[in-house]
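To convert a position in the sequence shown, counted from 1, into my numbering, add 119.
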Amino acid sequence: MDEVPIIASVSSRAGASLAKAGAGAILPSSPATPITRIDSKSTRAKPTGIGELDRVLGGGVVPGSVVLLAGEPGVGKSTLLLEVVHQWARRGPDNRSLYVTGEESAGQVRLRADRTGAVHERVYLTAESDLATILGHVEQVNPTLLIVDSVQTMCAADVDGVVGGVTQVKAVTSALTSLAKASGVPVLLIGHVTKDGAVAGPRSLEHLVDVVLHFEGDKHSTLRMVRGVKNRFGAADEVGCFELHEDGIAGISDPSGLFLHHRTEAVPGTAVTVMMDGKRPLLGEVQALVAATSMPAPRRAVSGLDSARVAMVLAVLDRRCGVPIAKNDVYAATVGGMRMTEPSADLALALAVASAVRDRPVPDGLVILGEVGLAGEVRRVPGVGRRLTEAARLGFTRALVPLDSGAPPVGMKVTEVGHLDAAIAALRG
């Protein structure tokens, strides 16, 4: 019986608070709807036509979503999104894409499109940096996909601040986000990064958009990777692999081949492991070379690996396993420009070094997984099943793994070890 007075009292207090603040209730343009009655079919992801990108996005771009692709200059962001608009236009007669560039002239973009084969009659191009003019182009073209290259070069005339500054970038992104939500047109923004790899602009920029992707690559390698950092519509730890070449950019559905050196005979100092890049297992090869030196301080040269972990593994080999490397130069590297920062590569690195010292190759067809501790123990790593399944798919028939790693894939012979000494002994056997 007390419910009505209580509700009335709360309503009265709320109304009094609004009146005191000088505000009033606003009649909604549409009533709130039970979530069970809302149709989600119209907002399902639509494939871009580029499988590796769709993998990271969670199946494609969601209508009305805003995606930020950030990366260093020259890594291939514009080339990738030019291919996106091309593939998008090819997917159907109703697919029109608008590419807005503030970085280059329209003629320069056309030259790149000619070189990469990304020319299509339903790809519209404009070289413009004024936000109001861009919105006018959107109204005229009525695209189903909008690309802005880049958000740091766009400006809103009615907002103070320099182009690329915090205020301008925030205003432009907010306006484009509102456009996407109101029209249902997905918007892909290209963004720059700072020297430390963070997205340039206000910190709130990443909060304004729905998806944040980082485009990474080494200038000495053709390999490029798109990593999901934030994704409101899917997993945020996916990775897509691409190869940049003179004719454009292409997805790599099976990238492990880039990180494995194919040879006719086994060579001492090499070992294969499986890394987890997000949710994706990637096979990679570790190489080690040990050489005598007369210098009082032996050299340690590392490429593609964590220098601190390499130093730790070398110390464990020397002190716990009696592998004589304290007075030798040691060179350790990965193949194909792969970055191995996961502790699961410790055991492969240790056995590659031991193999180089003893001048005996690691058996062919063997994949090695495990983290090495300071006491020489071999620790379990996550996702052993997925890693071994990927290795078996690529033809590996044997595996050296930590204890209690679970059931192996069918047809794969697995040896479990608890200490680095046991792992080295297993290679001798």
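We treat Cβ as the ideally placed atom computed from N, Cα and C, and that holds for glycine.
For Leu570, count the other beta carbons within 10 Å of its own beta carbon; 16 or more makes it buried, fewer makes it exposed. Which is it? It is not possible to answer for residue 570, since the shown part of the chain is limited to 120 through 548.
Would you tell me roughly how many angstroms separate the C-alpha atoms of Thr516 and Cys440, rounded to the nearest one? Counting from 1 along the sequence shown, the entry for residue 516 is found at position 397. Counting from 1 along the sequence shown, the entry for residue 440 is found at position 321. Between the C-alpha atoms of Thr516 and Cys440 there is a straight-line separation of about 27 angstroms.
In the DSSP assignment, the alpha helix (DSSP H) including Met572 goes from what residue to what residue? In this structure the chain extends from 120 to 548, so residue 572 is not present and cannot be described.
In whole angstroms, what separates the C-alpha of Leu201 from that of Asp465? By one-based count along the sequence shown, residue 201 stands at place 82. By one-based count along the sequence shown, residue 465 stands at place 346. In this structure, the straight-line span from the alpha carbon of Leu201 to that of Asp465 is close to 40 angstroms.
Within 10 angstroms of its Cβ, does Arg578 collect 16 or more other Cβ (buried), or is it exposed? The structure shown has nothing for residue 578, since the chain only spans 120 to 548.
Do you know how far the Cα of Ile266 is from the Cα of Pro124? Mapped onto the sequence shown, residue 124 falls at position 5. Mapped onto the sequence shown, residue 266 falls at position 147. With a pLDDT of only 49 at Pro124, under the threshold of 50, the placement of this residue in the model should not be trusted; the figure read from the coordinates follows. For Pro124 and Ile266, the gap between their C-alpha atoms comes out near 55 angstroms.
DSSP on Lys338, reduced to helix/strand/coil? The residue given as residue 338 occupies position 219 in the sequence shown. Three-state DSSP puts Lys338 in coil, outside helix and strand.
Those residues which DSSP pairs with Asn261 across a bridge: Walking along the sequence shown from the start, residue 261 turns up at place 142. For Asn261, which the question treats as bridged, DSSP gives no partner whatsoever.
Whole angstroms is fine: what's the gap from Leu244's alpha carbon to Val219's? Looking up residue 244 in the sequence shown gives position 125. Looking up residue 219 in the sequence shown gives position 100. Cα to Cα, Leu244 sits roughly 6 angstroms from Val219.
Gly134 burial status per 10 Å Cβ neighbour count (16 or more: buried): Locating residue 134 in the sequence shown gives position 15, counting from the first residue. Residue placement at Gly134 cannot be trusted, given a pLDDT of 49 that sits under 50; what the coordinates show is reported in the next sentence. Exposed is the label assigned to Gly134, since fewer than 16 other Cβ atoms lie within 10 Å of its Cβ.
Report the residue from Ile154, Asp523, Ala542 whose alpha carbon sits nearest the alpha carbon of Ile487. Working through the sequence shown from its first residue, we reach residue 487 at position 368. If we check each option's Cα against that of Ile487, Ala542 comes out closest.
Should Ser269 be flagged as near chain D, meaning a C-beta pair shorter than 7 angstroms? The structure shown contains no chain D, having only a single protein chain.
Arg512, DSSP secondary structure in three states: Residue mapping note: residue 512 aligns to position 393 of the sequence shown, counting from 1. Of the three classes helix, strand and coil, the one that applies to Arg512 here is helix, per DSSP.
Leaving out five residues on either side along the sequence, give the residues of the same chain with a beta carbon under 7 angstroms from the beta carbon of Ala544. Sequence index remark: in the sequence shown, residue 544 carries index 425 (1-based). Nothing meets the Cβ criterion.
Could you check how far apart the C-beta atoms of Ser474 and Ala390 are, in whole angstroms? I think they sit under 8 angstroms. On the sequence shown, position 355 is the one that residue 474 refers to. On the sequence shown, position 271 is the one that residue 390 refers to. Yes, they are in contact, since the Cβ atoms of Ser474 and Ala390 sit about 7 angstroms apart, within 8 angstroms.
Is Ser422 helix, strand or coil by DSSP? Numbered from its first residue, the sequence shown carries residue 422 at position 303. The DSSP-derived three-state label of Ser422 is strand.
When the distance is taken between beta carbons, is Val491 closer than 7 angstroms to Gly525? Walking along the sequence shown from the start, residue 525 turns up at place 406. Walking along the sequence shown from the start, residue 491 turns up at place 372. Going by C-beta atoms, Gly525 is not nearer than 7 angstroms to Val491.
Tell me whether Glu357 sits in a helix, a strand or coil according to DSSP, three-state version. Position 238 of the sequence shown, counted from the start, is the residue given in the question as residue 357. Coil at Glu357, not helix or strand.
Would you report the Cα separation of Glu149 and Ser340, rounded to the nearest angstrom? Here residue 149 is taken as the residue at index 30 of the sequence shown, counted from 1. Here residue 340 is taken as the residue at index 221 of the sequence shown, counted from 1. As written in the sequence, residue 149 is Ser, which differs from the Glu given in the question. Roughly 53 angstroms separates the two Cα atoms.
Check whether the Cβ atoms of Ala467 and Thr392 sit closer than 7 angstroms, and answer yes or no. Residue 467 sits at position 348 when you count from the first residue of the sequence shown. Residue 392 sits at position 273 when you count from the first residue of the sequence shown. In this structure, Thr392 lies closer than 7 angstroms to Ala467 by Cβ.
With a cut-off of 8 angstroms on the beta carbons, I'd call Leu519 and Val435 a contact; round off their distance for me. The count along the sequence shown starts at 1 and reaches residue 519 at position 400. The count along the sequence shown starts at 1 and reaches residue 435 at position 316. That pair is no contact at about 16 angstroms.
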